[in-house]
Each structure stands twice: as C-alpha cells, then as structure tokens.
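One structure is given here, and the rest of the page talks about it.
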C-alpha cells in the first residue's frame with residue numbers, strides 16, 4: 001500500500017520516464033498490443049524487436065506496449081520515440097520491417113518513410 | 001478436476017456461469033457432460049434443469065464434445081459485408097465439416113459466433129483465445145495448416 | 001563569403017530519387033537563374049530531411065519551411081511565390097499534407113486519451129498521465145454529493161444507448177439506505193460493429209477502475225462488478241492485472257487513501273448472449289440465471305443485483321468520470337453541444353480507407369467522421385449507405401450524413417448513438433442482403449422470454465429470406481414493417497423493440513432495391 005506522498009513521487013517519476021528523462025534510455029519502441037494489433041501479428045513484431053535489440057545489445061532502447069490508437073486497418077502499429085524528435089508511427093509492421101526500422105531509424109537516425117503512417121508533430 | 005474448480009468458488013448459484021466456464025475450459029473436449037452438470041447441480045444445490053436452461057441460453061457453452069481447437073467465425077453484419085460467407089465456404093472445404101460439427105480427427109470444431117468486436121479487421125474468426133483478422137480464402141488455409149502441423 | 005538570403009535544402013532519399021530529384025534540382029536552378037535569383041538563393045543537397053513527406057521534399061531556411069511531394073510542375077509557382085514574393089506555397093506545405101493524414105485527435109480525447117500511448121499493464125504509466133488524481137481529489141476534498149453534483153452539471157449522458165443523464169441516475173441510488181449497494185459495469189459489448197468499450201478496457205483499464213471508484217464513492221457502494229463478454233479475453237486479462245495492481249498500491253481495497261471509503265471490484269465473465277447488454281438481463285446473468293430481462297419497475301437503481309440498489313453504467317460512460325472530477329464539469333462542457341456534452345467514440349469499418357476508431361466531440365457530423373477520421377471511401381469506390389449503431393441501428397444514405405451526431409439532433413435515432421458503430425457500404429452493396437444479415441442476427445439473439453420478440457424475430461427472418469431469394473411480394477414488405485412495429489410496441493425489452501429501426505430506415509431510404517427484388 002502506498003501513501004499519497006509515495007503516489008506523488010510515482011507520478012513524477014512516471015512523467016519523467018515518459019519523456020525519456022530516465023537514465024540510459026535514448027529510444028523508446030512502443031508496440032500496439034490491442035486485440036486488433038495482436039490479430040494482425042503484433043506479437044511477432046514485438047518478438048522481432050526484442051530479439052534484434054537483444055542481439056545487437058542496444059541497451060539504450062526500451063521496448064514497451066500500448067493499446068490501440070485507432071488505426072485498426074494498419075495494425076500492427078509501432079511508435080518510435082527518440083528524445084528531442086517527433087514520435088513516428090509505423091504501420092502494417094512485420095518482423096522483416098522491424099529489422100529495417102532498427103537498422104535505419106533506431107541506429108542511423110533516418111526515418112523509414114515508406115512505412116510511416118503518422119507523425120506526431 | 002471438479003474438486004479443484006469447486007474449491008475456487010463458494011457454492012452459490014451466482015457462481016454457476018463461472019464454474020461452467022472453468023469445467024468446459026479444462027475438459028479436453030471443451031464441453032459440459034451430463035456428469036459435469038450432475039456434479040455442479042450437487043455442489044451448488046441447483047436443479048439440473050436450471051443448469052441446462054443456462055447452458056442452452058449462452059452460445060459459449062456446448063453439451064456436445066468438441067475438437068481441441070474451436071473455430072468461431074463471426075457472422076455479424078460487418079464481417080458479412082466483408083465476405084465472411086466466402087470464408088465459411090472455404091473453411092467447410094478445408095475442414096470437411098459444417099458449422100456445429102467436429103472434424104473426424106477431433107482437431108477442430110467449426111462454429112459461428114456473433115460480433116467479436118474486431119470489425120476494423122473484418123472478416124475475423126477466433127481460434128480458442130486468439131483472434132485472426134483480415135481473413136482471406138488463402139489466409140484461412142495457412143492458419144488451419146499451421147495448427148494441423150503443430151499438433 | 002557569399003551571402004545568401006535563403007537556403008533550400010533538397011532531401012536526397014530513395015523516394016526522392018525515384019521521384020526524379022536530380023531533374024528537379026536542375027529545373028529549379030534554371031528557374032531561379034531565369035528570375036536572376038541564383039546569387040540570392042542557395043541550393044544544397046542533403047540526406048533525408050528528417051520529416052516524413054513523400055517524394056521530393058524541401059526545407060527552406062531561414063524560415064524553416066517544409067515542403068513535401070514537390071513536382072517539377074510546381075517549380076514556377078514556388079519560385080514566383082516563395083522566392084520572389086516571399087509567400088510560401090500553402091498547398092505544398094508539409095503541414096497541409098499532414099491534414100490529409102491520420103488524425104488521431106488526441107488533444108480532444110477524454111476516454112481514449114491514454115490508449116495507444118501508455119502501457120495498459122503498468123499502473124505507474126497511468127498515474128504518470130494524471131491517473132487517480134480525480135479519486136484523490138474526490139476522497140479528500142469532496143463529499144459524495146459534490147461528486148454527483150459535478151457529474152450532473154457536466155451533463156454526462158449514458159453511452160450505452162439510452163442516453164440517460166448519469167448524475168441523475170446516481171442521485172436515485174445515493175439516498176437509499178441499504179446494507180449493500182453495487183456498481184455494475186456493463187461491459188457486455190455485443191452490438192455488431194461496436195468495440196469502443198474493448199478499446200478502453202484494453203488500452204487503459206485503470207481509467208475504468210478510477211471511474212468506478214468515483215461512482216461507488218458518490219452513491220455509497222462498496223462493491224463493484226464488471227460484467228464482461230467472455231469473448232474479450234485480452235480485456236479480462238488486462239482488467240485482472242489492473243485490479244491487482246490497484247489493490248497493491250492501496251488504490252482499491254479497505255480505507256482507500258486513509259479515508260473511510262472502501263471498495264472491492266470483481267470481474268464476472270459472460271458466456272455469449274447479446275441480450276445481456278440489457279441491464280436487467282445482465283443482472284439475471286450475474287445471479288447465475290438465463291439472461292432474461294426483468295420487469296421494470298423496480299429499476300436496478302432501487303432493486304438490482306440480489307435485490308440491492310445497483311447502479312448499472314456502460315464502460316464508456318464511466319470512463320468519462322475521472323476527467324469530469326479532475327478537470328471540472330466546465331471543462332467537460334467545452335466538448336460538444338449543450339444537451340449532449342462530451343465526446344463520443346466511434347468505430348469505423350467497412351469500405352472506408354482507414355477502418356479504426358475515433359473519439360470526437362459530440363455533435364460532429366457523420367460526414368466529418370467518415371471523411372476526416374476514416375480517410376473517406378476506399379479509392380475508386382462510391383458511398384452508398386452507412387449502417388450506424390450496429391444491428392439495432394439505421395441505414396443512412398448520403399443525404400443524411402450531415403446530421404450532427406448528438407442526442408438532440410438524432411432524436412428518434414438517438415439510441416444508435418451509444419453503440420457508435422459506423423459500417424460504411426459501397427455502391428455495390430446489396431441492402432436487402434445486409435438487412436437479411438441484420439435480421440438473422442436478431443433471430444439468433446432473441447432470448448425467447450416474450451412472444452412478440454421470440455416469434456417476431458423468426459418471422460422477420462423468414463420474410464427477408466423470402467425477399468432475398470426473389471420470392472417476396474409487396475404484401476411481404478408490408479408485413480415486415482407491420483410485424484416490426486408491433487414488436488416495437490409490445491416487446492419486453494429493447495431487443496424486440498429494435499428491428500424496426502434497420503427495417504424502416506432501409507425501406508425509407510432504399511425501398512427501390514427491395515421492390516426490384518419482389519416477385520411480381
């Protein structure tokens with residue numbers, strides 16, 4: 001059980017985390033894991049990220065999940081958030097596309113335009 | 001099996017639906033046998049006819065033995081618009097059974113169900129706990145073959 | 001060093017090369033030279049520009065203006081307008097292009113503001129997004145009656161279908177002196193095409209839990225039950241996790257935040273019956289019975305689960321409450337028209353470019369919803385009709401798409417608002433066939449308790465099947481309407497009262513299709 005004071009601290013810490021201010025995280029990968037996403041293969045996409053990020057030992061990349069944004073028909077949907085840059089939403093992701101996103105976007109910093117469905121400007 | 005499930009619930013009538021869910025999930029043939037109904041009746045002190053009334057009311061229960069994998073194809077208007085009829089035809093051919101029937105190898109039971117709420121990806125079906133979307137006549141074959149191969 | 005007043009960065013990417021960026025650059029240089037601007041405007045090649053335009057993209061400094069999908073044909077206008085007269089070409093701006101893109105409308109969301117952003121399985125992310133602040137505020141600074149007053153003031157109306165004012169509903173149960181009161185959440189989302197509640201529960205389960213806690217505090221309930229469809233496996237799993245986390249953090253349980261308020265939330269899983277979306281049928285199901293609706297009155301607010309006062313609210317309704325308490329009723333009233341305040345979640349499907357969901361202010365027209373949020377029709381096909389509100393919904397033709405989606409504007413069709421399902425059909429869709437599918441659904445889902453519905457749904461299915469096969473007569477069409485009208489007047493619950501809506505709207509708007517199928 002947490003006191004109200006503790007809740008306040010959790011809130012502040014969580015807010016900082018979301019803005020990637022927590023130590024060591026440079027990139028956040030957010031995989032949409034709602035029913036639609038999973039129905040369209042989000043689990044494989046998540047697994048591909050975990051495998052490849054692990055294999056390349058990219059310790060500054062954090063992988064997490066979220067619910068649906070509203071792009072049912074473009075699932076699986078993945079957000080890439082890099083500190084100081086606009087969040088990019090990729091759609092219709094597959095394990096193959098994951099490799100390209102890791103290589104080009106996460107490592108080299110170049111957005112893979114052809115997979116982009118939205119950008120948080 | 002029954003004792004383990006009964007231990008989770010107080011013997012009150014309001015737990016009937018959840019006990020039936022658990023028994024059906026645990027049973028390898030995913031159904032509620034006469035024996036099961038009798039045992040639940042004794043445990044809850046609820047008449048057998050009440051239990052059958054409940055079982056036949058809800059579509060998720062079955063009194064007939066079913067396959068290892070239950071395919072539930074959505075037949076509601078959004079999926080119908082997107083061609084669920086063709087998917088049904090394909091499933092019939094691939095499985096060799098109609099809706100409500102189980103394949104001879106006991107691997108699949110084909111059923112219809114009402115809207116699964118994944119309509120943005122219509123047509124959809126559920127196999128056990130997993131939802132499959134944007135079905136095509138090709139993709140259902142792949143999905144079925146994959147399960148057949150992985151048994 | 002040469003001084004340029006302007007720098008044009010041309011992004012060289014695969015997409016740009018394919019779009020002919022080299023020829024473009026030459027043409028641009030020529031055009032600038034023609035206007036004698038070559039010494040004022042500097043052209044630079046660079047890598048991909050880091051924004052996400054299509055084709056050839058430019059960034060112009062010092063203004064930092066971004067152009068996307070620029071073609072050789074645009075050069076003359078670009079040079080004339082931007083570089084000569086200093087007026088950026090609006091239609092080529094990246095911001096303009098963005099408008100045609102996906103609009104998530106996050107800034108305006110209330111119930112789905114976190115879905116697609118936070119991790120639904122991590123309570124700390126919900127807390128970080130301002131979660132449980134409303135509960136803290138209510139428990140520490142407000143009396144239960146203040147909470148009810150705030151919700152009343154907000155004008156929140158039920159999102160399950162009937163549109164009953166939520167604060168008023170609570171105010172019936174609050175003053176009753178009972179040893180136990182319940183909050184029951186109707187998460188038996190069964191209306192075909194409707195999945196708004198699933199999105200909330202899957203994407204942000206804690207917003208529902210916080211709303212429940214606020215409702216429970218307001219009416220004096222210490223137990224809450226979420227009655228959820230058995231098919232919603234992921235929702236069930238996420239809600240269970242969320243409840244466990246909330247208990248662990250002391251947000252649910254005994255003496256929450258050190259106050260006298262205690263609450264336990266339980267999940268009950270349904271077993272597949274559309275009629276259980278009717279609140280009294282749902283209560284019957286909770287008690288371990290067939291889900292047959294009960295006679296009203298007494299209403300559940302007075303005698304509900306186990307004859308105890310019970311507030312039954314829909315998931316989407318309750319998910320609005322944390323916002324209202326945290327930000328105040330006035331903030332809520334900023335959304336939508338006066339008598340239909342707040343937002344509404346719609347699920348979009350069928351022959352549109354981008355099936356999915358949107359949450360927009362009440363009162364937004366169907367046309368805007370389909371075009372702006374659903375991306376319009378799929379390329380190359382034309383709109384014919386939208387089935388709005390699921391099976392118990394209405395078929396609307398193009399000329400009715402401008403109606404504003406709120407309780408007042410929709411009047412007789414207001415019941416379809418709750419579901420929020422928008423099924424878009426193209427010009428080749430057979431309306432007779434679609435109505436057949438709708439009536440097949442009702443035949444299957446009638447609970448059999450009352451004769452008008454039990455017999456009526458079967459008769460309607462027989463009639464539409466006959467018409468579908470081309471064997472129907474004008475008398476069959478008339479009988480279909482007559483039967484549905486009789487069902488509307490005499491059926492026990494909303495299920496039997498509903499088929500008139502799809503039937504009448506289909507016949508009112510697309511009668512010619514039915515008549516063409518008759519056996520004359």
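Protein chains in written order, with the working numbering: chain A, 1 to 121; chain B, 1 to 151; chain C, 1 to 520.
Built from N, CA and C at the ideal position, the CB exists for glycine as well.
Computed from a prediction, not measured in an experiment: that's the story for all the values here.
Using a threshold of 7 angstroms, state whether the C-beta atoms of residue i and residue j are closer than that.
i	j	result
residue 56 of chain C	residue 19 of chain C	yes
residue 527 of chain C	residue 465 of chain C	In this structure chain C extends from 1 to 520, so residue 527 of chain C is not present and cannot be described.
residue 242 of chain C	residue 183 of chain C	no
residue 60 of chain B	residue 271 of chain C	yes
residue 298 of chain C	residue 492 of chain C	no
residue 51 of chain B	residue 36 of chain B	no
residue 42 of chain A	residue 76 of chain A	yes
residue 269 of chain C	residue 304 of chain C	no
residue 517 of chain C	residue 432 of chain C	yes
residue 185 of chain C	residue 226 of chain C	yes
Could you tell me whether the Cβ of residue i comes closer than 7 angstroms to any Cβ of chain B?
i	result
residue 99 of chain C	Residue placement at residue 99 of chain C cannot be trusted, given a pLDDT of 49 that sits under 50; what the coordinates show is reported in the next sentence. Answer no: the Cβ-Cβ gap between residue 99 of chain C and chain B never drops below 7 angstroms.
residue 121 of chain C	no
residue 517 of chain C	no
Answer yes or no: does any C-beta atom of chain C fall closer than 7 angstroms to that of residue i?
i	result
residue 136 of chain B	no
residue 60 of chain B	yes
residue 47 of chain B	no
residue 99 of chain A	no
residue 25 of chain A	no
residue 94 of chain A	no
residue 59 of chain A	no
residue 54 of chain B	yes
residue 81 of chain A	no
Name the chain B residues that come within less than 7 angstroms of residue i, Cβ to Cβ?
i	result
residue 425 of chain C	81
residue 274 of chain C	114
residue 36 of chain A	118, 120, 121, 133
residue 437 of chain C	77, 80
residue 291 of chain C	57
residue 39 of chain A	118, 121, 124, 131, 132, 133
Could you list which residues in chain C have their beta carbon closer than 8 angstroms to that of residue i, in chain order?
i	result
residue 90 of chain B	Per Cβ cutoff of 8 angstroms: no residues; residue 90 of chain B is ~19 angstroms from chain C at best.
residue 21 of chain B	230, 269, 271
I'd like to know if residue i contacts chain A, where contact means its C-beta is closer than 7 angstroms to some C-beta of that chain.
i	result
residue 357 of chain C	yes
residue 141 of chain B	no
residue 354 of chain C	yes
residue 102 of chain C	yes
residue 244 of chain C	no
residue 407 of chain C	no
What are the boundary residues of the beta strand (DSSP E) that includes residue i?
i	result
residue 453 of chain C	Residue 453 of chain C -> not in any beta strand (DSSP E); alpha helix (DSSP H) instead, spanning 451-468.
residue 27 of chain B	Element bounds for residue 27 of chain B: n/a, residue is neither H nor E.
residue 72 of chain B	69-74
residue 521 of chain C	This structure does not reach residue 521 of chain C, given that chain C is present from 1 up to 520, and the question cannot be answered.
Taking the alpha helix (DSSP H) that residue i falls in, what are its first and last residues?
i	result
residue 24 of chain C	21-34
residue 523 of chain C	For chain C, the structure presents residues 1 to 520; residue 523 of chain C sits outside this window and is missing.
residue 235 of chain C	233-248
residue 134 of chain A	A query on residue 134 of chain A cannot be resolved here, the shown segment of chain A reaching from 1 to 121 and no further.
residue 231 of chain B	The shown model of chain B, from 1 to 151, leaves out residue 231 of chain B, and the question about it has no answer.
residue 283 of chain C	279-286
Give me whichever residues DSSP pairs with residue i in a beta bridge.
i	result
residue 223 of chain C	C:182, C:264
residue 551 of chain C	Within the shown structure, residues of chain C are numbered from 1 to 520, placing residue 551 of chain C beyond reach of any answer.
residue 108 of chain B	B:69
residue 62 of chain A	A:28
residue 253 of chain C	C:263
For residue i, return the contacting residues in chain B, with the cut-off set at a CB-CB distance below 8 angstroms.
i	result
residue 521 of chain C	With chain C represented from 1 up to 520, any question about residue 521 of chain C goes unanswered, as that position is not in the structure.
residue 445 of chain C	114
Compare the C-beta of residue i against all C-beta atoms of chain F and say whether one is closer than 7 angstroms.
i	result
residue 40 of chain B	Chain labels in this structure do not include chain F; the protein chains are A, B and C.
Below 9 angstroms on C-beta distance, what does residue i contact in chain A?
i	result
residue 202 of chain C	33, 34, 35, 67, 68
For a contact meaning CB atoms closer than 9 angstroms, what does residue i contact in chain C?
i	result
residue 122 of chain A	Outside the shown range of chain A (1 to 121) lies residue 122 of chain A, about which nothing can therefore be said.
Residue i touches chain C at which residues, Cβ-Cβ below 7 angstroms?
i	result
residue 16 of chain B	288
residue 2 of chain A	249, 250
Going along chain B, which residues have a C-beta under 9 angstroms from residue i?
i	result
residue 514 of chain C	Under the 9 angstroms cutoff, chain B gives no residues; its nearest Cβ is about 17 angstroms from residue 514 of chain C.
Can you tell me whether residue i sits near the ligand MG, meaning its C-beta is under 6 angstroms from at least one heavy atom of the ligand?
i	result
residue 298 of chain C	Ligands displayed in this structure: none; no statement on the ligand MG is therefore possible.
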